[in-house]
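All remarks here apply to the structure that follows.
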Amino acid sequence: MKDQPGYRILPSEITSESLFFERRSVIQALAASASLGFAGLAEANSERGNIAAPGKGVLSDPKFVKNARFSVSDPVNSWDEITTYNNFYEFGLNKDDPARRSQQFQARPWSVEVGGEAAVRGRFDLEDILARHPLEERIYRFRCVEAWSRVVPWLGIPLGDVLKRFEPTSRAKFVEFTTLYDPKRMPGQRSGVLNWPYVEGLRIDEAMHPLALLVVGVYGKWLPNQNGAPLRLIVPWKYGFKSIKSIVRIRFTERQPQTSWNKAAPDEYGFFANVNPAVDHPRWSQAKERRIGASLFASRVDTLPFNGYANEVASLYRGIDLRRYF
Amino acid sequence: MSTTLPAYGYEPAVWLGCLLPLLWLLAAAFGVAELTLGANPVRELLHFTGKTGLNLLLLTLCMTPLHHLTGRLEWLRVRRMLGLFAFSYTLLHFMVYVVLELDLDFSDIGREIIKRPFITIGLVALLMMLPLALTSTDRAMRSLGRRWQALHRLIYPIAILAVWHYYWQVKADIREPLLYAAALTLLLGWRLHRHRLRQHRQHRQHQR
């Protein structure tokens, strides 16, 4: 897609030389780790974040390191605020539907199909994808397109590090993500509110940005079902709907993916969907946001360009008219 | 006419029923009995007061048809009360929007009313309700005579604007607003049908 504005990545940047020669070892490692299950099954009894393992018992809590460099210092929202107020239409349209209606959902075992413009393709177990990367805790601001926001301690791995292992080719200009489609397990998919399955996408340079996070946990626990278990995206400088949940497919594409909300209402939800206080949603202002957990009488706070991550990501969009490509 | 009817227990019952949503709101706002407005209390208050106002508005519109269908006057006696509660919840909805959602920032309020058509029509509907609420007394009814009925037909455009306002602000799932639109179509259609029948009858009487 040559007319895509601001497409700046050179083909040589996508597969680094060292990575190219590492290819064999990556493939071998992927194959070897296929047999690696969850080593630590424990009878954990904490009241939150208990995730059933494929066999019996409960997964032990994830091990992680805190990444202060990529964390904001804003006060973090509570576990309840993060896990009872969710937009996850696969489990219903009300904010409390996902928490109530996803309890039976089994997020393990889980695999992800990787395809498109990449040298390494196929179906990979979630454990294999995670095995080679240390989990990081990053405290990110999260801004919903509905003008509310919160601060969340996610656990994840940099999306770019994972994507590089699949060796995207020079034709890979975009990455497309797809949510599980299974109306039996996701009752919200029985209604035709959106075109299922949910699809999101990023330009490849956005996907490779160190802030883009592939998330598997929150608050030191594995992701609860209502937050997009077991694997979701977090792109903190974009509106929340870009951060697709329960990912089963990753595809490298040459053309810009057809994303769900953009298809449903192109005048309201753009492909880029960068947080931008200067560009209103047609039906409400994006200049301010309401912090979840604030008191009833608290004022809204100002929304920041790129959700406060302008220093890190604004250069990705140099020369682009952000009003047109909202 | 209402003074000649014996007072039954239904009036206080309807009154209490109309107060229940407000009691729930207060209980949830203060966390009584583990009730809560959730993680986004302002949004919850906004939606709840708006929805309650709309429900009561449509309920008000049910009273005249129920009176005609059953021949009982009780429906008309609670109609005014329902209408006034519909107005009160809608006013509360507006207050929540202006005070809690927009923090009484008058430049924001002005801009939103002008820029967002669904806010504009919501406000127009509320303003149209004002003269109806003010002329809801027995005295106003008597002094306005036939003009009172003409004035209170404003409730039809008000209801149309209210349902439209609801339909327009929904993000994706328009099923519920469409249900309200269907109910409103039924209620207004019934009146139109009755009106036509009456005209037809009058027309035939003239011919004889």
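As given, the protein sequences belong to chains V and H, one line each in that order. Okay, so the first sequence: first residue is 29 according to my numbering, each after it adds one. Okay, so the second sequence: first residue is 5 according to my numbering, each after it adds one. Every residue gets a Cβ at the ideal spot worked out from N, C-alpha and C, and that includes glycine. If you're wondering where the values come from, they're calculated on a predicted model, not measured in any experiment.
Within-9 Å CB hit, residue i to chain V
| i | result |
| --- | --- |
| A33 (chain H) | yes |
| G57 (chain H) | no |
| D107 (chain H) | yes |
| L104 (chain H) | yes |
| T176 (chain H) | The sequence as given places Ala at residue 176 (chain H); Thr does not occur at that position. Yes - at least one Cβ of chain V is within 9 Å of the one on A176 (chain H). |
| W172 (chain H) | yes |
| L38 (chain H) | Here residue 38 (chain H) is Glu; the residue named in the question, Leu, does not match the sequence. With 9 Å as the cut-off, E38 (chain H) does not count as an interface residue toward chain V. |
| D112 (chain H) | yes |
| L192 (chain H) | no |
| R115 (chain H) | yes |
| R157 (chain H) | no |
| R202 (chain H) | no |
| H199 (chain H) | no |
| T7 (chain H) | Legend: pLDDT at T7 (chain H) = 48, less than 50; position of this residue unreliable, value from coordinates given subsequently. Chain V contact via Cβ: absent. |
Residue from the options with nearest C-alpha to residue i
| i | options | result |
| --- | --- | --- |
| Y297 (chain V) | V:V104, V:Q132, V:L259, V:F354 | V:F354 |
| R129 (chain V) | V:E141, V:Y226, V:T112 | V:T112 |
| Q314 (chain V) | H:L65, H:H207, H:D112 | H:D112 |
| C66 (chain H) | H:I159, H:P25, H:L201, H:T141 | H:I159 |
| F194 (chain V) | V:K270, V:M236, V:N223 | V:M236 |
| D349 (chain V) | V:N302, V:S327, V:S323 | V:N302 |
| P103 (chain V) | V:R136, V:V180, V:Q132, V:F300 | V:V180 |
| A240 (chain V) | V:L230, V:S288, V:K249 | V:L230 |
| R283 (chain V) | V:P225, V:I232, V:L242 | V:I232 |
| L106 (chain H) | V:D330, V:R351, V:E340 | V:D330 |
| L242 (chain V) | V:I272, V:Y345, V:R346 | V:I272 |
| Y226 (chain V) | V:R136, V:W138, V:D156, V:F269 | V:F269 |
| F133 (chain V) | V:P258, V:S106, V:A292, V:G150 | V:P258 |
| L191 (chain V) | V:S139, V:N335, V:F300, V:V203 | V:V203 |
| L121 (chain V) | H:R195, H:W194, H:K175 | H:K175 |
| K193 (chain H) | H:I117, H:H207, H:I164 | The amino acid at residue 193 (chain H) is misidentified as Lys; the sequence shows Gly. The residue with the shortest Cα to Cα distance from G193 (chain H) is H:I164. |
| L87 (chain V) | V:E174, V:A293, V:G245, V:S343 | V:G245 |
| L58 (chain H) | H:L41, H:L130, H:G21 | H:L130 |
| H161 (chain V) | V:E340, V:I185, V:P211 | V:I185 |
| S92 (chain H) | H:C22, H:D109, H:R179 | H:C22 |
| L344 (chain V) | V:R213, V:F300, V:R97, V:F325 | V:F300 |
| L158 (chain V) | V:R260, V:Q131, V:Y209 | V:R260 |
| A342 (chain V) | V:S274, V:E234, V:D189 | V:E234 |
| R394 (chain V) | V:I262, V:K212, V:E228, V:A96 | There is simply no residue 394 (chain V) to check, as chain V begins at 29 and stops at 354 in what is shown. |
| R311 (chain V) | V:R97, V:D295, V:L324, V:R318 | V:D295 |
| W79 (chain H) | H:Q211, H:Y14, H:I162, H:R208 | H:Y14 |
| A292 (chain V) | H:D109, H:A186, H:I178, H:H210 | H:I178 |
| N78 (chain V) | V:Y247, V:R149, V:R351, V:W289 | V:Y247 |
| F334 (chain V) | V:W289, V:S274, V:R318, V:Y267 | V:Y267 |
| P264 (chain V) | V:W224, V:V173, V:K201, V:D210 | V:V173 |
| S177 (chain V) | V:S106, V:W138, V:A338, V:A96 | V:S106 |
Residues that DSSP places opposite residue i in a beta bridge
| i | result |
| --- | --- |
| P238 (chain V) | In the DSSP output, where bridge partners are listed per residue, P238 (chain V) has none listed. |
| D349 (chain V) | Paired residue(s): none; D349 (chain V) is not in a bridge. |
| V140 (chain V) | V:F152 |
| R230 (chain V) | According to the sequence shown, residue 230 (chain V) is Leu rather than Arg. Bridge partners of L230 (chain V): V:V203. |
| S177 (chain V) | V:R171, V:R319 |
| V246 (chain V) | V:W182, V:K249 |
| W312 (chain V) | V:H309 |
| E165 (chain V) | V:K94, V:L183 |
| L261 (chain V) | V:L242 |
| I278 (chain V) | V:V142, V:F205 |
Within-9 Å CB hit, residue i to chain H
| i | result |
| --- | --- |
| I272 (chain V) | no |
| T287 (chain V) | no |
| L208 (chain V) | no |
| G321 (chain V) | yes |
| A257 (chain V) | no |
| F354 (chain V) | no |
| E164 (chain V) | no |
| D233 (chain V) | no |
| E109 (chain V) | yes |
| D330 (chain V) | no |
| W250 (chain V) | no |
Beta carbon proximity, residue i to chain A, threshold 9 Å
| i | result |
| --- | --- |
| F122 (chain H) | No chain A appears in this structure, whose protein chains are V and H. |
- [ ] Would you be able to state if there are at least three C-beta pairs under 8 Å between the region 161-172 of chain V and the region 305-312 of chain V?
- [x] The region 305-312 of chain V, when compared against the region 161-172 of chain V, does not touch it at the 8 Å Cβ threshold.
TODO: Please name the residues in the region 215-228 of chain V whose beta-carbon is closer than 8 Å to at least one beta-carbon of chain H, in chain order.
DONE: Answer in chain order: S219, V221, L222.
TODO: Please name the residues in the region 41-52 of chain H whose beta-carbon is closer than 8 Å to at least one beta-carbon of chain V, in chain order.
DONE: Going along the region 41-52 of chain H in chain order, one finds L41, G42, A43, N44, P45, V46, R47, L49 with a Cβ nearer than 8 Å to chain V.
Task: the region 115-126 of chain V touching the region 243-257 of chain V, judged by at least three CB pairs closer than 8 Å - done: Verdict: yes, contact present.
Open item on the list: For the pair the region 23-40 of chain H and the region 132-150 of chain H, tell me if three or more CB-CB distances fall below 8 Å.
Closed with: No contact exists between the region 23-40 of chain H and the region 132-150 of chain H.
Open item on the list: With three or more C-beta pairs closer than 8 Å as the rule, is the region 122-136 of chain H touching the region 164-173 of chain H?
Closed with: Judged by Cβ distances under 8 Å, the region 164-173 of chain H makes contact with the region 122-136 of chain H, as three or more pairs qualify.
TODO: Check whether the region 267-281 of chain V touches the region 132-143 of chain V, taking contact to mean three or more Cβ pairs, one atom from each stretch, closer than 8 Å.
DONE: A contact exists between the region 267-281 of chain V and the region 132-143 of chain V.
TODO: Closer than 9 Å, Cβ to Cβ, to anything on chain H: give me those residues from the region 121-137 of chain V, in chain order.
DONE: The region 121-137 of chain V vs chain H, Cβ under 9 Å: L121, K123, D124.
Task: Validate contact between the region 87-104 of chain H and the region 196-203 of chain H using beta carbons, cut 8 Å, 3 pairs - done: No contact exists between the region 87-104 of chain H and the region 196-203 of chain H.
Open item on the list: Pairs of beta-carbons, one from the region 188-202 of chain V and one from the region 317-337 of chain V, closer than 8 Å: are there three or more?
Closed with: Contact between the region 188-202 of chain V and the region 317-337 of chain V is absent, because fewer than three Cβ pairs lie under 8 Å.
Task: Meets three-Cβ-pair contact criterion under 8 Å: the region 96-103 of chain H and the region 40-54 of chain H - done: Yes: at least three Cβ pairs fall under 8 Å.
TODO: With 9 Å as the limit, tell me which residues of the region 292-311 of chain V have their beta carbon closer than that to any beta carbon of chain H; keep them in chain order.
DONE: Listed in chain order, the positions of the region 292-311 of chain V with a beta carbon within less than 9 Å of a beta carbon of chain H are A292, A293, E296, D308, P310, R311.
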